[in-house]
Amino acid sequence: MKTTRIDCEVGGERLDVFLAENLSDVTRSAAQKLLEAGRVTLGIETLKKNHRTSPGDVYIVTQDCPSPSAAAPQEIPLEIMYEDSDVVVVNKPRGMVVHPAPGHPDGTLVNALLNHCKGSLSGIGGVKRPGIVHRIDKDTSGLVIAAKNDRAHLSLASQLSSRTLTREYDAIVKGVVKSDSGTVNAPIGRHPTDRKRQAVTDKNSRPAITHYEVAERFDRYTLVICRLETGRTHQIRVHMAHIGHPVLGDLTYGVKKPELGQSTQCLHARKLRFIHPSTNEPIEISAELPQYFKDVLGKIK
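Last residue of the sequence shown: 300 in numbering that gives the first Met the number 0, with the numbers rising by one and none dropped.
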């Protein structure tokens, strides 16, 4: 069992809706089942799904903690960009999920790495995320680093936290970006009405900083280089949309219909810099633009 405390700041919502918005991986129907089972309390009172929230309420939610099943090795081709006894860096193709999740139980980067590394991956991420230090979206291509042992994982995680592990992305965004460079410093959290999306918000958010610079301008689009200072979910996609330049092909945060044949975001994790966990030497790895990205640039030009 796990117990979660949720503080209500605004109020006025049905409780099942409020729970779905504030509990990760809990749908509205799952929230209703928790309420029906008496798993949600306000003080000593158990609550029903049509209960209306009030400012200052403190809800206690009790959930089961099922033991996740371990990911299985699968023979899936990988483009290895760097590898030694501590780390492996992969150029992930667009369309591949990083680790098993609801709706994607296998065929992921983790399944491929377990096969390639013969199970020699850090256990810090748990049985479904062995070795995974950071993630990129399913439809974002490019570099992902994984740790082969716990010592390397802790070192790389510390570098992420201290911002000495740096990541650069290429993105095609809509519109002509006027300034040659800039920084978006805006907190990101779950969207207030759509739990599948992220948003710039002050509510239940975390600091998020993206630096960008213009690589090339076109008539209606701009090729930009983005460097992450933090690593929030969908950060570049949310931040570029926030400043009025959503990533081309991003149907979630940009135009709701495909442009130039693109129904997924034109976003590529091109460069990765880190300090090697054993040698303390700086390592820099780059992955050239994938063919789909080059094809879109060709259409724009």
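The beta carbon of each residue, even a glycine, is placed where N, CA and C say it ideally should be.
All values reported here derive from a predicted model rather than from experimental measurement.
Buried or exposed by the 16-neighbour rule on C-beta atoms within 10 Å, applied to residue i
i, result
"Ala207", "buried"
"Thr45", "exposed"
"Ile59", "exposed"
"Thr197", "Residue identity check: residue 197 is Gln in the sequence provided, not Thr. Classification of Gln197: buried, given that the 10 Å Cβ count is 16 or more."
"Arg236", "buried"
"Ala111", "buried"
"Glu74", "exposed"
"Thr2", "exposed"
"Ala278", "In the sequence as displayed, the identity of residue 278 is Thr instead of Ala. It counts as exposed."
"Phe292", "buried"
"Glu167", "buried"
"Ile79", "exposed"
"Lys147", "buried"
"Arg205", "exposed"
"Gly10", "exposed"
"Val176", "buried"
"Pro99", "buried"
"Val57", "exposed"
"Ile43", "exposed"
"Gln290", "exposed"
DSSP three-state assignment for residue i, whether helix, strand or coil
i, result
"Arg216", "strand"
"Asn114", "helix"
"Asp149", "helix"
"Asn302", "In the structure as shown, the chain begins at 0 and stops at 300. Residue 302 is therefore absent and cannot be evaluated."
"Asp15", "helix"
"Gln73", "coil"
"Asn21", "helix"
"Asp169", "strand"
"Arg27", "helix"
"Ala268", "strand"
"Ser277", "coil"
"Val315", "Because the chain here runs from 0 to 300, residue 315 falls outside it and cannot be looked at."
"Ile299", "helix"
"Tyr252", "coil"
"Ser178", "coil"
"Val109", "helix"
Limits of the alpha helix (DSSP H) - the one that residue i falls within
i, result
"Gly188", "Note, Gly188: premise wrong, no alpha helix (DSSP H); beta strand (DSSP E) at Ile187 to Arg189."
"Gln234", "Gln234 to His241"
Cβ-heavy atom distance, residue i to the ligand FAD, below 7 Å
i, result
"Val109", "In terms of ligand content, the structure shown is empty, and the ligand FAD therefore cannot be addressed."
Check whether residue i and residue j have beta carbons under 8 Å apart
i, j, result
"Leu120", "Ala145", "yes"
"Pro276", "Val86", "yes"
"Pro191", "Asp201", "no"
"Leu108", "Val97", "yes"
"Leu159", "Gly230", "yes"
"Asn253", "Ala240", "Note that residue 253 is Gly in the sequence shown here, rather than Asn. For Gly253 and Ala240, yes; Cβs fall inside 8 Å."
"Tyr81", "Ile242", "no"
"Thr221", "Gly174", "yes"
"Val183", "Val246", "no"
"Ala71", "Asp24", "no"
"Asp15", "Arg27", "yes"
"Cys225", "Thr209", "yes"
"Ala36", "Leu18", "no"
Residue i: first and last residue of the uninterrupted beta strand (DSSP E) it sits in
i, result
"Arg4", "Lys1 to Asp6"
"Lys91", "Val86 to Lys91"
"Ser60", "Per the sequence shown, the amino acid found at residue 60 is Val instead of Ser. Start and end: Val57 to Gln62."
"Thr40", "Val39 to Leu41"
"Glu78", "Note, Glu78: premise wrong, no beta strand (DSSP E); not H, not E."
**OP:** Flag this pair as touching only if the stretch 261-272 and the stretch 112-126 have three or more C-beta atom pairs under 8 Å; answer yes or no.
**Re:** no
Original post:
Is the stretch 49-56 touching the stretch 89-106 in the sense that three or more CB pairs, one from each, lie closer than 8 Å?
Top reply: no
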